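What follows is a set of notes on a single structure, which appears directly below.
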Amino acid sequence: MALANASLDGGFQDAVFESQAVFRGLMDAMSRPGTIQTLETPAKAPGALSAAQSAILLCLADPDTSVWLSPSLYAQDALGWISFHSGAPVTHSMSNANFAFLGLGEALPDFLGFANGTQEYPDRSTTIIIELPALTGGQALVAAGPGIENEIDMSPSGLPDNFVRRWSANHGLFPRGVDLIFTCGSTVMCLPRSTQLKQREV
Amino acid sequence: MTSAGNLATYNFAYLDEQTKRMIRRAILKAIAIPGYQVPFASREMPMPYGWGTGGVQVTASILGPDDTLKVIDQGADDTTNAVSIRAFFQKVANVKVTTKTGEATVIQTRHRIPEEPLTEGQVLVYQVPIPEPLRFLEPRETETRKMHALEEYGLMHVKLYEDIARNGHIATTYAYPVKVGERYVMDPSPIPKFDNPKMHRSQALQLFGAGREKRIYAIPPHTEVVSLDFEDYPFEIQKFEKPCALCGAENVYLDEVVLDDKGGRMFVCSDTDHCEDRRNAGHVGELGVAQTEAAE
Chain A
1 MALANASLDG
11 GFQDAVFESQ
21 AVFRGLMDAM
31 SRPGTIQTLE
41 TPAKAPGALS
51 AAQSAILLCL
61 ADPDTSVWLS
71 PSLYAQDALG
81 WISFHSGAPV
91 THSMSNANFA
101 FLGLGEALPD
111 FLGFANGTQE
121 YPDRSTTIII
131 ELPALTGGQA
141 LVAAGPGIEN
151 EIDMSPSGLP
161 DNFVRRWSAN
171 HGLFPRGVDL
181 IFTCGSTVMC
191 LPRSTQLKQR
201 EV
Chain B
1001 MTSAGNLATY
1011 NFAYLDEQTK
1021 RMIRRAILKA
1031 IAIPGYQVPF
1041 ASREMPMPYG
1051 WGTGGVQVTA
1061 SILGPDDTLK
1071 VIDQGADDTT
1081 NAVSIRAFFQ
1091 KVANVKVTTK
1101 TGEATVIQTR
1111 HRIPEEPLTE
1121 GQVLVYQVPI
1131 PEPLRFLEPR
1141 ETETRKMHAL
1151 EEYGLMHVKL
1161 YEDIARNGHI
1171 ATTYAYPVKV
1181 GERYVMDPSP
1191 IPKFDNPKMH
1201 RSQALQLFGA
1211 GREKRIYAIP
1221 PHTEVVSLDF
1231 EDYPFEIQKF
1241 EKPCALCGAE
1251 NVYLDEVVLD
1261 DKGGRMFVCS
1271 DTDHCEDRRN
1281 AGHVGELGVA
1291 QTEAAE
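Chain order of the listed sequences is A and B. Following the numbering used here, the numbering of the first sequence begins with 1 at its first residue and continues without gaps. Following the numbering used here, the numbering of the second sequence begins with 1001 at its first residue and continues without gaps.
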């Protein structure tokens, strides 16, 4: 099979410094849940993976980690790009994935279908990277927990109506559970399992 | 990539990219589960175990060309371990280095937290010899792991109780166990218990690397860190009778320096940068010399 050109382009131009910059953005976002960080990188996979999703994949995934793609992201060009640039195996099994990527507008699968880790090894869990229409303007939520001074408002758009209930169930499993990274274009916002969420009371 | 002429060079910050990715994944998990020790595939570093190979690997994985690095060993910028690690990163990453706490973006530390409060955006990287707080109470990893899983920390309280029974007070003075985010009991590395309160709701991100024991753990900013104690024997930090002999600072951690063989001694700030700052600002302790006089 001839590898399409689309799969060869769109990697990091400078793997060392771009992956470091992307990681620092992610580390800041993960240690300060609810804040929005911009990942500046020219990396972009062909097809539906967004710029931030592409950058996160290149920054964190490699032959040691398996990647799960939602149906709208699962395309020949993207598979070739992932294989060429990161070497990460793409898996069909959600419960074995280290990283799961969800395309724009796709229904959020049950968190329990992903790896949630064990009580002894809670780190063996899936990080889910979800593309949203916007990281602001959605349901008004209030987050609290490690990384947050008192409380922080967040309002990512495009989340299901019952998201707070589903997230509380995930948070209730602590230290097990999944961690979420919301992306929109090249911006990211993190929701680690340690964060509590509630609706903003009007 | 970045090579001087045609000479082969180390990759930026020494570690290869796949190793950095593996450590970065561990750091993100550690942040998501505050206080939990994430296993990682620690590499051999060009320095012996016990010299901070865990901290060095964490620093190497987060460091970028725009960072300013400070390295301290027991509070001092000018001791062997601090000088070697600082020189190492100057050589392999060519980053800016500093001894000023306020100027640093990444601070690698062995056994102290700087006196100057850390700020948003700074990262404190600890070198950790033995990450498992329960290890001296229970040598089996399978058992300590189960104890963490079940949040079964009774044994630790028994140890503190025995301290009180034998000594009349909790005699643990360093590596004093803390509970992070109301869940995991964590070893804060061998910092004096004087520094424990600085970890509580710190604005900086705190990362811990144990190279020989292959563990990484973290405390995100603004996280509850509570030192274990009893209602009738509350946690207390060390108190010093005299201020720093050089800069006159009170409420800081002091080192004892022996002056002669007739029992002469002085107590000085363990944080050299803090002491220097104060002396430059004109503070003088009982054995200190005013900076203006010294200059003349």
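All C-beta atoms, glycine included, are put in the ideal place defined by N, C-alpha and C. Note that the coordinates shown come from a computational prediction; the quantities given were computed from them, not determined experimentally.
B:F1208 and B:I1216 have their C-alpha atoms roughly 6 Å apart.
The C-beta distance from A:S168 to A:G137 rounds to 22 Å, too long to fall under 8 Å, and the pair is not in contact.
For B:Y1036, the number of other beta carbons within 10 angstroms of its own is at least 16, and it is reported as buried.
Using a Cβ distance threshold of 9 Å, A:S66 and A:A88 count as a contacting pair. For the region 57 to 80 of chain A, the set of residues with a beta-carbon nearer than 9 Å to any beta-carbon of chain B comprises C59, L60, A61, D62, P63, D64, T65, in chain order. For B:Q1127, the enclosing beta strand (DSSP E) starts and ends at 1123 to 1127. Think of a sphere of 7 Å around the beta carbon of A:V16: the chain B residues whose beta carbon falls inside it are M1001, N1011, F1012, E1017, in chain order.
A:S125 is classed as buried because its beta carbon has at least 16 other beta carbons within 10 Å across all chains shown. Under the three-pair Cβ rule at 8 Å, the region 1062 to 1078 of chain B does not count as touching the region 1235 to 1242 of chain B. Excluding five sequence positions before and after A:G177, the CB atoms of its chain that fall closer than 8 Å to its own CB belong to F111, N116, G117, P122, S125, N170, H171, R193, given in chain order. Ranked by how close their Cα comes to the Cα of A:G10, the residues A:E106, A:T38, A:S54 have A:S54 in first place. The C-alpha of A:C184 lies about 26 Å from the C-alpha of B:E1017. Put simply, the CB of A:G147 is near chain B, with a gap under 9 Å to one of its CB atoms. Counting along the chain, B:R1265 sits inside the beta strand (DSSP E) bounded by residues 1265 to 1269. Separation of B:K1193 and B:R1112 (C-alpha to C-alpha, rounded to the nearest whole angstrom) is 10 Å. Inter-segment contact for the region 1067 to 1076 of chain B and the region 1211 to 1225 of chain B is absent: fewer than three beta-carbon pairs are separated by less than 8 Å. For B:E1151, the closest alpha carbon among the candidates A:T187, A:R165, A:Q119 is that of A:Q119. Taking 9 Å as the threshold, the shortest C-beta distance from B:M1022 to chain A falls below it. Residue B:A1032 holds the alpha-carbon nearest to the alpha-carbon of B:G1181 among B:S1270, B:A1032, B:L1134, B:L1137.
Residue-level contact by beta carbon fails for B:E1103 and chain A, as no gap is shorter than 9 Å. For B:Y1253, the number of other beta carbons within 10 angstroms of its own is at least 16, and it is reported as buried.
Ranked by Cα distance from B:W1051, the first of B:E1213, B:K1029, B:A1204, B:E1141 is B:E1213.
Shown here, A:T126 sits in coil according to DSSP, grouped into three states, outside any helix or strand.
The beta-carbon of B:H1222 is placed less than 9 Å from the nearest beta-carbon of chain A. Cβ atoms of A:A107 and A:I128 stay farther apart than 8 Å, at about 13 Å. When the five nearest sequence neighbours on each side are left out, the beta carbons in the same chain lying within less than 6 Å of the beta carbon of B:T1098 are those of T1068, K1070, A1104, in order along the chain.
Residue pairing by DSSP places B:F1208 opposite B:Y1126, B:Y1217 in a beta bridge.
Among the residues facing chain A, B:P1188 is not included, as its CB has no counterpart in that chain under 9 Å away.
Taking a C-beta cut-off of 9 Å against chain B, the contacting residues of the region 26 to 43 of chain A are L26, M27, D28, M30, S31, R32, P33, listed in chain order. Below the 9 Å Cβ cutoff, chain A contributes M27, D28, S31, R32, G147 as neighbours of B:L1205, in chain order. In this structure, A:L104 and A:A48 form a Cβ contact; the two beta carbons are roughly 7 Å apart against a cut-off of 8 Å.
Going by beta carbons, B:T1223 and A:P175 fall outside the 9 Å limit. As summarised for the region 1015 to 1081 of chain B, the continuous beta strand (DSSP E) elements at least 3 residues long and confined to that stretch are 1068 to 1073, given in chain order. In this structure, the beta-carbon distance from A:D161 to A:Q139 falls below 9 Å. In this structure, the straight-line span from the alpha carbon of A:M189 to that of A:L135 is close to 7 Å. In this structure, DSSP gives B:T1098 a state outside helix and strand, which the three-state scheme calls coil.
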